[in-house]
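Position in the sequence shown counted from 1, then plus 775, gives you my numbering. Where is the CB? At the ideal position from N, CA and C, for every residue including glycine. On a predicted model such as this, the values are computed, not experimentally measured, just so you know. Before any comments, here is the structure.
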Amino acid sequence: MLMIDSDMNEKQGVSSNLKGKLSHLPSIDALLRSGGGLALVETYGRELVTSALRSVLSETRSSWRDKPQARGASVSERDILSSAAANIEKIASPRLKRVINLTGTVLHTNLGRAPLPETALVAIAEVARGASNLEFDLASGKRGDRDDHIESLICRMTGAEAATVVNNNAAAVLLALNTLAQDKDVIVSRGEQVEIGGAFRMPDIILRAGCNLVEVGTTNRTHKRDYANAIGDNTGALLKVHTSNYTVQGFTASVSEKDVAATAHAHDLPFIVDLGAGSLVNLERYGLPHEPTVAETMAAGADVVTFSGDKLLGGPQAGLIAGKKEYIARIKSNPMKRALRVDKMTIAALAEVLRLHLDIDNLPSHLPALRLLTREQDEISAMAQRLQPFVQEQLGDSVEVKIEQCASQIGSGSLPVARLPSAALVVTPLNNGAIAGKRSGSWLKLLAARFRNLPVPVIGRIEKDAFWLDLRCLEDEEGFRAQLSSLKIKDSLKS
Ligand SMILES: *Cc1c(COP(=O)(O)O)cnc(C)c1O
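Written out as structure tokens, the structure is:
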């Protein structure tokens, strides 16, 4: 109480002096009419500029109130305008922006997964700009179905009878389970209780789909009889989840799709497979490890297969559902489908990516995700050779920039143990220079932050006491050089 009183007294004591000062601050009107003010209004509009000026003025007043020693400082019109401009910049500049992914993980979920082909971007712009036949049948002039633009392409490449698409694969699993097994038991192996990172955990999704999870087998071994023994009056579906982000090794046993399908069909039950990455083509043809394709899974007897649009398919975020006509028809008429459906931009991009898959031989040169995954180590090493002296020069002599062979990952939980031979620029602080007085760990964090601060942020990784830039996903070499030189990283590292 006493504290508050004395504080108030102090404030009251200076109030007359302060009033005089405050009246010297320019008015909002005057600021808006000044040259700098007019320019800001021209760019950002009157409302935003006015509110930014108001908050700068009120911050100035309160700082004068709180810090008597600051009161003498003069505040010019220019200072106020430039503070306001900085405030506006914070609000109005885009937060979501392009970055350069040099993490070594190609399909990086946090960095937006698959890069889209130019033709898909054109297709997106085309339908986004105006009206389209999204749900309009041009032949009959009647209402159409948005799935029509992609369904036959999916069927052609998977052997499925029918297909549909929703917002992502998590939604696809949710919708398939809810449609085919609501209030019923869904039988899944204990070895497939997958967590995909973030909030996707298979047991939670099954529960939220309104189904009852029945686990069979053990973490490392599940047998055909385990599925058969678990089937009862209330069974709604058998589910297999592709364990795409880990492998179980050693004394293991799992039941093939074919055997689970036979068990399900002997009881007239649907067999659902959550394939996750779900490639449409056998990746071995491009020298990559084998990942089960949607067609193989359908051929093994799956009735419904779900997979992501932005993993190995190399398209936009989406969840594709392919399968038997009867089941897909039920899935499409579930009211939840309306809540999970994709927009026209996704359909445009997805249709284009599916069309590119028609020419399987040339797919790596047309589909950026596959182009990056199949990039030869020699090509990446050659780029590392070209860039190394330049990056060394930019970072200065307090660090050493070396070229190291490394191994990229596919990412997004696809092919977890597969590694793609690549090359990296590896930055190490030199003891006598950069690192003086700092622990190497904190110095590396600082360096990584400098790269993230570039106009087009560059994202690398810290590993083995060094900062690694895996060059597999660097395609715009010139752009990378230009911004490194524009930002005086060398100088900022010295301090
Ligand atoms: C990635 C993955 C999912 C989630 O897919 P999203 O498209 O990210 O929603 C679900 N199941 C499996 C097996 C996956 O690999």
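Proximity test, residue i beta-carbon vs ligand 1 heavy atom, cut-off 7 angstroms
i: D1049; result: yes
i: V969; result: yes
i: K1086; result: yes
i: A945; result: yes
i: G1094; result: yes
i: S1054; result: no
i: S802; result: no
i: V1069; result: no
i: H1065; result: no
i: H799; result: no
i: V1016; result: yes
i: F1046; result: no
i: V991; result: no
i: S1083; result: yes
i: S964; result: no
i: V902; result: no
i: S1187; result: yes
i: F975; result: yes
i: V816; result: no
i: V948; result: yes
Check whether residue i and residue j have beta carbons under 8 angstroms apart
i: G934; j: A1070; result: yes
i: A1093; j: N885; result: no
i: A1199; j: L1138; result: no
i: V1035; j: T1072; result: no
i: S1187; j: L882; result: yes
i: P1124; j: I925; result: In the sequence as presented, Pro is not what sits at residue 1124; that position holds Ala. No, the pair does not count as a contact, with Cβ atoms beyond the cut-off.
i: A889; j: G1090; result: yes
i: G966; j: C986; result: no
i: N953; j: A984; result: yes
i: L1088; j: L1148; result: no
i: V874; j: P1110; result: no
i: L928; j: R1150; result: no
i: I1106; j: L950; result: yes
i: M977; j: V963; result: yes
i: P892; j: P1143; result: yes
i: N1004; j: K959; result: no
i: A1223; j: F1242; result: yes
i: L1050; j: L1013; result: no
i: L1115; j: A946; result: yes
i: L1249; j: L982; result: no
Same chain, Cβ closer than 8 angstroms to residue i, five either side skipped, listed in chain order
i: H1040; result: F1046, G1076
i: S1215; result: P1204, D1240
i: T825; result: I803, L807
i: D896; result: As written in the sequence, residue 896 is Leu, which differs from the Asp given in the question. Within the same chain, L896 has close Cβ partners A1124.
i: E1252; result: M1158, R1161, L1162
i: K786; result: Note on K786: pLDDT 45, under 50, position unreliable in the model; no value is reported.
i: S1031; result: A1075
i: A1193; result: L1063, P1064, Q1184, I1185
i: H998; result: G992, A1028, V1030
Cβ shell of residue i (< 6 angstroms), same chain only, five flanking positions each side left out
i: D1001; result: V991, G992
i: H1042; result: I1006
i: L1219; result: I1237, F1242
i: F911; result: G919
i: G879; result: S1183, D1245
Sequence-distant residues of its chain with Cβ nearer than 7 angstroms to residue i (five each side left out)
i: L806; result: G812, L828, E852, I855, L856
i: E1059; result: H1065
i: S1260; result: Q1169
i: D780; result: Low per-residue confidence applies at D780: pLDDT is 36, beneath 50, and the placement is therefore not dependable enough to give any value.
i: G820; result: none
i: V724; result: With the chain running from 776 to 1270 in the structure shown, residue 724 is simply not present.
ask   = Taking contact to mean at least 3 C-beta pairs separated by less than 8 angstroms, is the stretch 1074–1082 in contact with the stretch 904–911?
value = no
message = Threshold first: 4 residues or longer. Then list the alpha helix (DSSP H) segments lying entirely within the stretch 1117–1151, N to C.
response = 1119–1131, 1138–1141, 1143–1148
message = Quick check: the stretch 830–847 against the stretch 863–872, are at least 3 beta-carbon pairs closer than 8 angstroms?
response = Taking a cut-off of 8 angstroms for Cβ pairs, the stretch 863–872 and the stretch 830–847 do not touch, as fewer than three such pairs fall below it.
request  = Report yes or no: do the stretch 916–932 and the stretch 1119–1128 share at least 3 C-beta pairs separated by less than 8 angstroms?
outcome  = The answer is yes - the stretch 1119–1128 touches the stretch 916–932, with three or more Cβ pairs under 8 angstroms.
task = Output the residue ranges of the alpha helix (DSSP H) runs that lie fully inside the stretch 795–865 and measure 4 residues or longer, sorted by chain position.
result = Listed in chain order, the alpha helix (DSSP H) runs fully inside the stretch 795–865 are 803–808, 810–819, 821–841, counting runs of at least 4 residues.
Entirely enclosed beta strand (DSSP E) segments - the stretch 963–1011, minimum 3 residues = 987–991
task = Examine the Cβ distances between the stretch 1156–1175 and the stretch 1246–1258 and report whether three or more of them are shorter than 8 angstroms.
result = Yes, they touch.
task = Run through the stretch 866–933 for me and flag every whole alpha helix (DSSP H) of 4 or more residues, listed as ranges in chain order.
result = 893–904, 926–933
request  = Let me know the alpha helix (DSSP H) ranges lying completely inside the stretch 1188–1250, each 4 residues or longer, listed in chain order.
outcome  = 1215–1227
4-residue-minimum alpha helix (DSSP H) runs that sit fully inside the stretch 1081–1113, ordered along the chain = Taking only runs of at least 4 residues, the alpha helix (DSSP H) segments lying wholly in the stretch 1081–1113 are 1100–1108.
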